[in-house]
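Trainee: Positions 51 to 702 (this note's numbering) are the ones given, in order, by the sequence shown.
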Amino acid sequence: MKEDRRHMDTKDLTACDATAQLLERARKDGVETAFDRAQFMKPCPIGEKSACCKHCAMGPCRLNMKNPYEKTGVCGATIDTVQSRNFARMVACGTAAHSSHGMNIFHLFKSVATGKNTEYAIKDVQKLTEVAESLHIQTQDRSVSDIAADVCQELESGFLQVDGEMPFAHRVPEKTLETWRKLDIVPRGAMKEVMELIQRTHAGMDQDYQNLTRQISRTALADGWIGSMVATELSDILFGTPSAIATEVNMECLKEDHVNIIIHGHEPYLMESMVESVHDPAFLADAKAAGARGINLLGMCCSGLEMLSRHGIPHAGNFMSTEAVLATGAVDAMGVDVQCIMQSLSNVAECYETPFFTTNASCRIEGVEHIELDEAKPRKCTDAVVKRAIHRFKNRKVRIEIPSQRNTAVFGFTHEYINYMLGGTFRGAYTPLNENIINGHIRGVAGVVGCVNPRVKQDWVHVELVKALIKNDVLVVQTGCSQIALAKAGLCTPEAAVLAGPGLREVCEAVGMPPVLGMGACVDNSRILIACSEMVRTGGLGNSIADLPVAGAAPEWYSEKAVAIGQYFVASGVFTVFGVTFPIIEGTRFHDLLFNGLEKQGLGRWGFEKDPYRMAALMIDHIDKKRKALGIDKARERVYIDMVDRRALAGQ
Ligand code: BF8
51 MKEDRRHMDT KDLTACDATA QLLERARKDG VETAFDRAQF MKPCPIGEKS
101 ACCKHCAMGP CRLNMKNPYE KTGVCGATID TVQSRNFARM VACGTAAHSS
151 HGMNIFHLFK SVATGKNTEY AIKDVQKLTE VAESLHIQTQ DRSVSDIAAD
201 VCQELESGFL QVDGEMPFAH RVPEKTLETW RKLDIVPRGA MKEVMELIQR
251 THAGMDQDYQ NLTRQISRTA LADGWIGSMV ATELSDILFG TPSAIATEVN
301 MECLKEDHVN IIIHGHEPYL MESMVESVHD PAFLADAKAA GARGINLLGM
351 CCSGLEMLSR HGIPHAGNFM STEAVLATGA VDAMGVDVQC IMQSLSNVAE
401 CYETPFFTTN ASCRIEGVEH IELDEAKPRK CTDAVVKRAI HRFKNRKVRI
451 EIPSQRNTAV FGFTHEYINY MLGGTFRGAY TPLNENIING HIRGVAGVVG
501 CVNPRVKQDW VHVELVKALI KNDVLVVQTG CSQIALAKAG LCTPEAAVLA
551 GPGLREVCEA VGMPPVLGMG ACVDNSRILI ACSEMVRTGG LGNSIADLPV
601 AGAAPEWYSE KAVAIGQYFV ASGVFTVFGV TFPIIEGTRF HDLLFNGLEK
651 QGLGRWGFEK DPYRMAALMI DHIDKKRKAL GIDKARERVY IDMVDRRALA
701 GQ
């Protein structure tokens, strides 16, 4: 790292005390992290606003951001064409990432269902039956394998079919589906939609931003209602549907006297096999012989969220803590699979002598040892990682520094669990949720999801936004890295109900639930789609998802997956606000379409705001607008968050 670089205080870079402490250590040790690079590498202003087209060799063409209609690209492409093409490619890539994940789980499910893979099994037969019934597959008096075979056939078409409607179309509220049909944006198969969208962004192709936006929506809907939904549903069938479970998060979950193994990435089957490996008596004996008290398996990012909600496995931190955790010196091995794996991890791991492994053919890193996970023999990979970790423990040389931060949190609030929690086993239903929204105890529901980004103070925007929302009686549901931010802030426990407004607090205390409900990994945003559909079906809150008093936010987003998610929520009817930055120039026609026009077509709309309190205000105003349209707008003021409140909230 260059000597002359002056750094911001680490406490200003992250609200996570453990990460701040380890960033200090990394600096002292001369180890550079993404936080350092983000300070000194300013975002390219042209790229940030999508004002550059580099899709052909007549360019790259740089348009005028300040006067966007002043000129066009060499081919004549307008700013709206250029921006919508760039946005389309982000959505296509995000959709491809989730759909590839979904397809991997699908192939595993198929090999298990046909008996070709005996390493994994169908754990949740009830969920299999429910999924089959939602696909209109007959389940009465049929064997598990027959039902599974039909589910395979239906879901495979979700990836491969080139016409018709996606398999989970039956789950979409009728009026929402009608709007999609009218706009011709009902997804066919995920592969078809991604291919169609990419080809339309080629030079000389779709140069009508409104037409291209329809395909952007169709592709994004394929992400939410096919790729991600298949990943969620089949993971539940194979590994079990989560239900509320208390566990621990943060860096103190590392144990100095244990062999510590971290798994980071997204595919649950790597972690599931790792659970078996770390419980193998032979390895436990080896670890003891090496002087350890045991083997401590931890998750990070979405892999961690899958395992935390299914098995209560502790979680060390979210995306922006993946470098920092290595600076503890206590990680004896880190295995990664796909997505959100920073290339810099290999350097940080090397500096702290942590064996670092890639395990998936789709995501190798130059210079990093690759131990490929074969789903037919997963233990071969995970056993090798455990062996290397035990060896490293025995030969630890680096100083260990484990921050003293550990928090308890409750996760695992799937839409099935919410159903059960609110209604009980015999009358499980969304009726109590809808009733409490209608009677005003709960003002509305907000999804606060997604990444953390080193261009803003890690976790801070998530936490302040959520505090402001629950204070205004808005129930918060979560997925992705955001959950860990809130868990570290202590908001994912039933006791956090004291921070909620009086109505939400009463409901939380009656049921014993936190005001912030963690629903899983990023692909599990599909659980929120299903929950929204159930709210519509239950009645009293309108006929389409667009009628619901709900809103969404990704306040610290960084990835293209987040853009695809944002677009599928918007296309499903949800007002969705992003923070950090938005890759479109304000005042252009494409911007107006995303931020206003789509809502007029019966869909949702985008919003953008960096400040968490103003972001909360936007979301609450939207919720109130929907309440008014539904005729359930009893007199109620938004609790404004002023400077005094901000200080009080920051201290809570
Ligand atoms: O998929 S929330 S930083 S880890 S992209 Fe990545 Fe964002 Fe985290 Fe999971 Ni989602």
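Heads up, the beta-carbon is just placed ideally off N, CA and C, and yes, glycines get one too.
1) Within this structure, are the beta carbons of W573 and Q528 separated by less than 8 Å?
2) Going by the CB atoms, is the gap between F156 and E215 shorter than 8 Å?
3) Go ahead and label Q651 buried or exposed: buried means 16 or more other beta carbons lie within 10 angstroms of its beta carbon, across all protein chains shown.
4) Would a C-beta distance cut-off of 8 Å place I415 and C431 closer than the cut-off?
5) Tell me which residues share the same chain as R449 and place their Cβ nearer than 7 Å to its Cβ, disregarding the 5 neighbours each side in the sequence.
6) Inspect the beta-carbon positions of R266 and Q617 and report whether they are closer than 8 Å.
7) Sorry if obvious, but does the Cβ on G681 come closer than 7 Å to a heavy atom of ligand 1?
8) If I'm right that T464 touches P599 with Cβ under 8 Å, what's the distance once you round it to whole angstroms?
9) Between the Cα of D597 and the Cα atoms of I276, Q249, L536, T226, which residue gives the shortest distance?
10) Buried or exposed, going by whether 16 or more other CB atoms sit within 10 Å of the CB of V280?
11) What does the Cβ neighbour count give for D86, buried or exposed, with the cut at 16 atoms within 10 Å?
12) Can you grab the Cα-Cα spacing for the pair C210 / G239, in whole Å?
13) Since H151 sits in a beta bridge, which residues does DSSP pair it with?
14) How about H316: is its Cβ closer than 7 Å to a heavy atom in ligand 1?
15) Could you give the DSSP three-state label for I415: helix, strand or coil?
16) Are L579 and W275 closer than 8 Å when you measure CB to CB?
17) Report yes if the C-beta of Y319 is less than 7 Å from at least one heavy atom of ligand 2; otherwise report no.
18) Could you tell me if M51 is buried or exposed, where buried requires 16 or more neighbouring beta carbons within 10 angstroms of its beta carbon?
19) Bridge partners for E298 per DSSP, in chain order?
20) Taking the straight line between their C-alpha atoms, what separation do you get for G637 and I468?
21) Report yes if the CB atom of A340 is closer than 8 Å to the CB atom of I440, and no otherwise.
22) Between the stretch 576 to 592 and the stretch 99 to 113, can you find at least three pairs of beta-carbon atoms closer than 8 Å?
23) Could you please give me the residues that DSSP links to L72 through a beta bridge?
24) Please go through the stretch 541 to 593 and give each complete beta strand (DSSP E) segment of 3 or more residues, from N-terminal end onward.
25) Write down the C-beta distance between D387 and C413 rounded to the nearest angstrom, noting that I regard them as a contact closer than 8 Å.
26) Quick check: what's the CA-CA separation for N410 versus D642?
27) Please list, in chain order, all residues of the same chain as E649 whose beta carbon is under 6 Å from its beta carbon, the five residues on each side excluded.
28) Are there 16 or more other CB atoms within 10 angstroms of the CB of E224, so buried, or fewer, so exposed?
29) Just to confirm my understanding: we take T408, look at its own chain, exclude 5 residues before and 5 after, and list those with CB closer than 7 Å. What are they?
30) Should N410 be listed as close to ligand 1, given that the test is whether its C-beta is under 7 Å from any heavy atom?
31) Exposed or buried, M669, counting other C-beta atoms within 10 Å across all chains shown (16 or more means buried)?
32) With a cut-off of 8 Å, do at least 3 Cβ pairs link the stretch 583 to 590 to the stretch 479 to 486?
33) When we look at the beta-carbon of H186 and count the other beta-carbons within 10 Å, is it buried (16 or more) or exposed?
34) Assuming the contact rule is C-beta atoms closer than 8 Å, S371 and T60 should be a hit. Round their C-beta distance to whole Å, please.
35) Helix, strand or coil for G97? Go by DSSP, reduced to three states.
36) Thinking C-beta only, is K538 closer than 8 Å to T593?
Mentor: By the coordinates alone:
1) In the sequence shown, counting from the first residue as 1, residue 573 sits at position 523. In the sequence shown, counting from the first residue as 1, residue 528 sits at position 478. Note on residue identity: the sequence assigns Val, not Trp, to residue 573. Cβ distance not < 8 Å, so V573 and Q528 don't count as in contact.
2) Along the sequence shown, read from residue 1 onward, the residue named residue 215 stands at position 165. Along the sequence shown, read from residue 1 onward, the residue named residue 156 stands at position 106. Not a contact, by the Cβ cut-off of 8 Å.
3) Within the sequence shown, residue 651 is the residue found at index 601, counting from 1. The residue is buried, with at least 16 neighbouring Cβ atoms inside 10 Å.
4) On the sequence shown, residue 415 is found 365 positions in, with the first residue counted as 1. On the sequence shown, residue 431 is found 381 positions in, with the first residue counted as 1. The answer is no: Cβ separation not under 8 Å.
5) As a working mapping, residue 449 is identified with position 399 in the sequence shown. Cβ neighbours of R449 beyond the five flanking positions: G379.
6) Counting from one through the sequence shown, the residue named residue 266 turns up at place 216. Counting from one through the sequence shown, the residue named residue 617 turns up at place 567. Residue identity differs from the one stated: residue 266 is Ile in this sequence, not Arg. A contact, by the Cβ cut-off of 8 Å.
7) Against the sequence shown, residue 681 aligns to sequence position 631. No - ligand 1 has no heavy atom lying nearer than 7 Å to the Cβ of G681.
8) Taking the sequence shown and counting its residues from 1, one reaches residue 464 at position 414. Taking the sequence shown and counting its residues from 1, one reaches residue 599 at position 549. Rounded, the Cβ-Cβ distance is 22 Å, inconsistent with contact.
9) Counted from its first residue, the sequence shown places residue 597 at position 547. Of the candidates I276, Q249, L536, T226, the one whose C-alpha sits nearest the C-alpha of D597 is T226.
10) Within the sequence shown, numbered from 1, the residue matching residue 280 stands at position 230. By the 10 Å Cβ count, V280 comes out buried.
11) Counted from its first residue, the sequence shown places residue 86 at position 36. By the 10 Å Cβ count, D86 comes out buried.
12) Taking the first residue of the sequence shown as position 1, residue 210 is located at position 160. Taking the first residue of the sequence shown as position 1, residue 239 is located at position 189. According to the sequence provided, residue 210 is Leu. The question's Cys does not apply to it. One C-alpha to the other measures close to 5 Å.
13) Taking the sequence shown and counting its residues from 1, one reaches residue 151 at position 101. Note: H151 sits in no beta bridge, so no partner.
14) Numbered from its first residue, the sequence shown carries residue 316 at position 266. Within the cutoff, so yes.
15) Walking along the sequence shown from the start, residue 415 turns up at place 365. DSSP places I415 in coil when its eight states are reduced to three.
16) Walking along the sequence shown from the start, residue 579 turns up at place 529. Walking along the sequence shown from the start, residue 275 turns up at place 225. In contact: L579 and W275 (Cβ atoms closer than 8 Å).
17) The ligand content of the structure shown is limited to ligand 1, which means ligand 2 is not among them.
18) In the sequence shown, residue 51 corresponds to position 1, counting from 1. For M51, the pLDDT reaches just 45, beneath the cut-off of 50, and the residue's location in the model is therefore unreliable, although a value from the coordinates is still provided. Flag for M51 reads exposed.
19) Counted from its first residue, the sequence shown places residue 298 at position 248. Looking at the DSSP assignment, E298 forms a beta bridge with T458.
20) Counting from one through the sequence shown, the residue named residue 637 turns up at place 587. Counting from one through the sequence shown, the residue named residue 468 turns up at place 418. Those two C-alpha atoms are separated by around 41 Å.
21) Sequence index remark: in the sequence shown, residue 340 carries index 290 (1-based). Sequence index remark: in the sequence shown, residue 440 carries index 390 (1-based). For A340 and I440, yes; Cβs fall inside 8 Å.
22) no
23) For the purposes of this step, residue 72 is identified with residue 22 of the sequence shown, where counting begins at 1. None, per the DSSP bridge assignment.
24) 566 to 568
25) Taking the sequence shown and counting its residues from 1, one reaches residue 387 at position 337. Taking the sequence shown and counting its residues from 1, one reaches residue 413 at position 363. 7 Å between Cβ atoms; contact.
26) Position 360 of the sequence shown, counted from the first residue, corresponds to residue 410. Position 592 of the sequence shown, counted from the first residue, corresponds to residue 642. Approximately 41 Å, taken between the alpha carbons.
27) Residue mapping note: residue 649 aligns to position 599 of the sequence shown, counting from 1. Excluding positions up to five away in sequence, the list reads R655.
28) The residue labelled residue 224 in the question sits at position 174 within the sequence shown. It counts as exposed.
29) Position 358 of the sequence shown, counted from the start, is the residue given in the question as residue 408. Counting only Cβ-Cβ distances below 7 Å, and skipping sequence neighbours, we find V386, R414, I415, V418, H420.
30) By one-based count along the sequence shown, residue 410 stands at place 360. No, the Cβ of N410 stays beyond 7 Å of every heavy atom of ligand 1.
31) Against the sequence shown, residue 669 aligns to sequence position 619. That one is buried.
32) yes
33) Looking up residue 186 in the sequence shown gives position 136. The residue is exposed, with fewer than 16 neighbouring Cβ atoms inside 10 Å.
34) In the sequence shown, residue 371 corresponds to position 321, counting from 1. In the sequence shown, residue 60 corresponds to position 10, counting from 1. That belief does not hold up - the Cβ atoms of S371 and T60 are roughly 12 Å apart, past 8 Å.
35) For the purposes of this step, residue 97 is identified with residue 47 of the sequence shown, where counting begins at 1. DSSP places G97 in helix when its eight states are reduced to three.
36) What you label residue 593 is simply residue 543 of the sequence shown in a count that begins at 1. What you label residue 538 is simply residue 488 of the sequence shown in a count that begins at 1. Checking the displayed sequence, the identity of residue 593 turns out to be Asn instead of Thr. No, the Cβ-Cβ distance between N593 and K538 is not below 8 Å.
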